[in-house]
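Working notes, structure below.
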Amino acid sequence: MRKTVIILSVFAMILGSCKPKTTSTNLSTISLQADTLNIQQKSTREFYDETFHWKVTIPGNMKTVNPEKWKKSNEVGLQMIEDTYNEEVKDNTIPICIFTNGEVNIFEAKYQLFNPEVDGTSLKVTQTVHEVIYTILNFLMLWLIR
485 MRKTVIILSV FAMILGSCKP KTTSTNLSTI SLQADTLNIQ QKSTREFYDE
535 TFHWKVTIPG NMKTVNPEKW KKSNEVGLQM IEDTYNEEVK DNTIPICIFT
585 NGEVNIFEAK YQLFNPEVDG TSLKVTQTVH EVIYTILNFL MLWLIR
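All you need for my numbering is the position in the sequence shown, starting with 1, plus 484.
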């Protein structure tokens with residue numbers, strides 16, 4: 485029987501959106517982006533989630549992302565995780581909200597219902613998620629410094 489790795493798809497998104505490190509940087513572009521970011525953060529809006537009764541203030545420069553489109557962008561990362569562990573990844577997460585400002589500034593909230601009869605103990609699930617996170621981040625750090 486094939487084991488199933490349960491993880492949050494946020495790590496799939498990280499893998500899917502990673503790009504190789506570039507060697508040149510335009511400092512005037514960075515300065516301009518920082519100035520623009522500070523100006524845009526002055527306007528904000530609020531997001532409220534009925535499920536958890538969360539009220540979150542979102543900076544004005546963040547854009548709402550459609551969860552279905554976001555799910556498609558995570559498929560590359562999910563495939564990389566499946567290839568790494570040679571196991572099927574079941575993403576049963578339920579999106580709450582997704583906001584982005586560019587490719588790397590991301591605020592994503594989602595949850596997954598927990599059933600000990602299906603998922604095992606909370607401790608085992610947490611250990612598995614930590615192992616997957618550690619392996620992915622270790623791989624990314626090594627990949628980025630090459």
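Ideal placement from N, C-alpha and C gives every residue a C-beta, glycine not left out.
If you're wondering where the values come from, they're calculated on a predicted model, not measured in any experiment.
Next item on the list: Report buried or exposed for I578, applying the criterion of at least 16 other Cβ atoms within 10 angstroms of its Cβ.
Entry: Position 94 of the sequence shown holds residue 578. When all chains shown are included, I578 counts as exposed.
Check: Taking 8 Å as the CB-CB cut-off, is V588 touching chain B?
Finding: You won't find chain B in this structure, because it holds only one protein chain.
Check: For N585, does the three-state DSSP call read helix, strand or coil?
Finding: In the sequence shown, counting from the first residue as 1, residue 585 sits at position 101. Here N585 sits in strand by DSSP.
Next item on the list: Can you say whether E534 is buried or exposed, counting buried as having 16 or more other CB atoms within 10 angstroms of its CB?
Entry: Translated into positions along the sequence shown, residue 534 becomes position 50. Label assigned to E534: exposed.
Item checked: C-alpha gap between E572 and S527, whole angstroms -> In the sequence shown, residue 572 corresponds to position 88, counting from 1. In the sequence shown, residue 527 corresponds to position 43, counting from 1. So the two alpha carbons sit approximately 43 Å from each other.
Next item on the list: Classify G544 as buried or exposed, calling it buried when 16 or more other Cβ atoms lie within 10 Å of its own Cβ.
Entry: Reading the sequence shown from its first residue, position 60 is the one you call residue 544. Under this definition G544 is an exposed residue.
Next item on the list: Just tell me which of V549, T548 and G561 has its CA closest to the CA of I617.
Entry: Locating residue 617 in the sequence shown gives position 133, counting from the first residue. Measuring from the Cα of I617, the nearest candidate turns out to be G561.
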